[in-house]
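Visitor: Structure below; questions to follow.
In our numbering, the protein residues as written are 83 to 353.
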């Protein structure tokens, strides 16, 4: 029971980081790009290391135990790339203008709105709402990944939750600013940003109600392999490009290495 509460709590906290992004957007005129670059790099380092060193091999161990060495290894690889394909398809169905994989700073969004003053407020509101929906769709599989990881290994779940929370902050900015410019209401913008993050605990609830009753070694191995694929895809497609975009002094690579090192040490200490 305690493991379930912890898994849900971690997923909820990760999702609600979008609300923190909204608050930053309202009360910050400038983004510390060096810190943003290092933070995104750190998040990518955590995700890549834990996915390739820990999650993938736990999936492989479960599947080879259940299916044998050769078939189990093949199923692990299929699950891994299946997870990548799943998150890639989600991205493919989200319009580019609202795709949450385009990380935005406070200045990016504010400048875009100043540049498009001729756009009617209704259209601007629509941009914010569609962005919130896009982020909600994108966060859903992240919620499943965080919940399943935390259920199996709380230390891994905590690491993934922190990494996802970091990259959810710019997503909250992308939702809140257009809605605020359209309505002038900070609370309304905050609520929609906050709600978009709730897709993660909803993903956790789906994992608990639908996946958990059927969980055996084979199901667990496939899901865990897919989680590893999802995490690696997000890191390579979103976090590292965004970290490099705002990089000024190699902050992104330092953050990446530190994230990997922190994850490595924590896994050793908690093993």
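C-beta atoms are modelled at their ideal positions from N, C-alpha and C, and glycine is treated no differently.
Expressed to the nearest angstrom, what Euclidean distance is found between the alpha-carbon atoms of residue 329 and residue 247?
Guide: Locating residue 329 in the chain shown gives position 247, counting from the first residue. Locating residue 247 in the chain shown gives position 165, counting from the first residue. One C-alpha to the other measures close to 20 angstroms.
Visitor: Just the C-alpha distance for residue 125 and residue 317, rounded to the nearest angstrom, thanks.
Guide: Residue numbering aside, residue 125 sits at position 43 when the chain shown is read from its first letter. Residue numbering aside, residue 317 sits at position 235 when the chain shown is read from its first letter. Each residue's alpha carbon lies about 8 angstroms from the other.
Visitor: Please report the straight-line C-alpha distance between residue 271 and residue 229, rounded to a whole angstrom.
Guide: Taking the first residue of the chain shown as 1, we reach residue 271 at position 189. Taking the first residue of the chain shown as 1, we reach residue 229 at position 147. Near 27 angstroms, if we compare the C-alpha coordinates of residue 229 and residue 271.
Visitor: Whole angstroms is fine: what's the gap from residue 104's alpha carbon to residue 267's?
Guide: Position 22 of the chain shown, counted from the first residue, corresponds to residue 104. Position 185 of the chain shown, counted from the first residue, corresponds to residue 267. Residue 104 and residue 267: Cα-Cα distance of roughly 12 angstroms.
Visitor: DSSP state of residue 331, grouped into three classes?
Guide: Along the chain shown, read from residue 1 onward, the residue named residue 331 stands at position 249. Three-state result, residue 331: coil.
Visitor: Going by C-alpha distance, which of 166, 165 and 145 is nearest residue 156?
Guide: Translated into the one-based positions of the chain shown, residue 156 becomes position 74. Looking at the Cα atoms, 145 is the closest of the given residues.
Visitor: Are there 16 or more other CB atoms within 10 angstroms of the CB of residue 89, so buried, or fewer, so exposed?
Guide: Along the chain shown, one-based indexing puts residue 89 at 7. Burial call: buried.
Visitor: So which of 86, 150, 109 and 227 has the shortest CA-CA distance to residue 96?
Guide: For the purposes of this step, residue 96 is identified with residue 14 of the chain shown, where counting begins at 1. Nearest C-alpha to residue 96: 227.
Visitor: Taking the CB atoms as reference points, tell me whether residue 274 and residue 343 lie closer together than 7 angstroms.
Guide: Counting from one through the chain shown, the residue named residue 274 turns up at place 192. Counting from one through the chain shown, the residue named residue 343 turns up at place 261. Contact flag unset, no.
Visitor: Tell me which residues share the same chain as residue 133 and place their Cβ nearer than 7 angstroms to its Cβ, disregarding the 5 neighbours each side in the sequence.
Guide: Taking the chain shown and counting its residues from 1, the one referred to as residue 133 is at position 51. Taking C-beta separations shorter than 7 angstroms and ignoring five residues to either side along the sequence, the partners of residue 133 in its chain run 310, 313 and 314, following chain order.
Visitor: Suppose you measure from the CA of residue 152 to the CA of residue 159; what does that come to, to the nearest Å?
Guide: Taking the first residue of the chain shown as position 1, residue 152 is located at position 70. Taking the first residue of the chain shown as position 1, residue 159 is located at position 77. Distance between the alpha carbons of residue 152 and residue 159 is about 11 angstroms.
Visitor: Mind checking which residues open and close the alpha helix (DSSP H) that includes residue 123?
Guide: The residue labelled residue 123 in the question sits at position 41 within the chain shown. Segment 115–131, the alpha helix (DSSP H) holding residue 123.
Visitor: Given a cut-off of 7 angstroms, decide if residue 243 and residue 98 are closer than it, judged by their beta-carbon atoms.
Guide: The count along the chain shown starts at 1 and reaches residue 98 at position 16. The count along the chain shown starts at 1 and reaches residue 243 at position 161. No, Cβ-Cβ distance for residue 98 and residue 243 is not below 7 angstroms.
Visitor: Could you tell me how far apart the beta carbons of residue 289 and residue 162 are, in whole angstroms, since I believe they sit closer than 8 angstroms?
Guide: Numbered from its first residue, the chain shown carries residue 289 at position 207. Numbered from its first residue, the chain shown carries residue 162 at position 80. With 8 angstroms as the limit, residue 289 and residue 162 do not qualify as a contact, their Cβ atoms being about 18 angstroms apart.
Visitor: Taking the alpha helix (DSSP H) that residue 166 belongs to, which residues open and close that run?
Guide: As a first step, residue 166 must be located in the chain shown, where it is residue number 84. Element bounds for residue 166: 151–174.
Visitor: Tell me the rounded alpha-carbon separation between residue 339 and residue 150.
Guide: For this step, residue 339 is matched to residue 257 along the chain shown. For this step, residue 150 is matched to residue 68 along the chain shown. Residue 339 and residue 150: Cα-Cα distance of roughly 35 angstroms.
Visitor: Judging by CA-CA distance, which residue of 119, 269, 117 and 280 is the nearest neighbour of residue 223?
Guide: Here residue 223 corresponds to residue number 141 of the chain shown, with the count starting at 1. Of the listed residues, the one whose Cα sits closest to residue 223 is 280.
Visitor: Given a threshold of 16 other Cβ atoms within 10 Å of its Cβ, counted over all protein chains shown, does residue 269 qualify as buried or as exposed?
Guide: Translated into positions along the chain shown, residue 269 becomes position 187. With fewer than 16 Cβ atoms within 10 Å of its Cβ, residue 269 is classed as exposed.
Visitor: Is the closest heavy atom of the ligand NAP to the C-beta of residue 300 under 6 angstroms?
Guide: Ligands in the displayed structure: none, and consequently the ligand NAP is not present.
Visitor: Quick one: what's got a C-beta closer than 6 angstroms to residue 333's C-beta in the same chain, skipping five residues either side?
Guide: Stepping through the chain shown from its first residue, residue 333 is reached at position 251. Cβ within range, chain order: 116, 119 and 120.
Visitor: Please classify residue 331 as buried or exposed, where buried requires at least 16 neighbouring CB atoms within 10 angstroms.
Guide: Residue mapping note: residue 331 aligns to position 249 of the chain shown, counting from 1. Using a 10 angstroms sphere on the CB of residue 331, the tally of other CB atoms stays under 16, which defines it as exposed.
Visitor: Nearest to residue 220 by CA position, among 249, 173 and 231, is which residue?
Guide: Taking the chain shown and counting its residues from 1, the one referred to as residue 220 is at position 138. The option with the nearest alpha carbon to residue 220 is 173.
Visitor: Only counting the same chain, and skipping five residues up and downstream in sequence, which positions put a Cβ closer than 6 angstroms to that of residue 154?
Guide: To locate residue 154, count along the chain shown from 1; it is residue 72. Excluding positions up to five away in sequence, the list reads 145 and 146.
Visitor: From what residue to what residue does the alpha helix (DSSP H) around residue 317 run?
Guide: Here residue 317 refers to the residue found at position 235 when the chain shown is read from its first residue. Unbroken run through residue 317: none, as it is neither H nor E.
Visitor: For residue 346 and residue 128, I'd like the C-alpha separation in whole angstroms.
Guide: Start at 1 with the first residue of the chain shown, and residue 346 comes out as number 264. Start at 1 with the first residue of the chain shown, and residue 128 comes out as number 46. Computed Cα separation, rounded: 9 angstroms.
Visitor: Need the endpoints of the alpha helix (DSSP H) that residue 269 sits in, please.
Guide: Residue numbering aside, residue 269 sits at position 187 when the chain shown is read from its first letter. Looking at the DSSP string, the run of the alpha helix (DSSP H) that includes residue 269 is 268–279.
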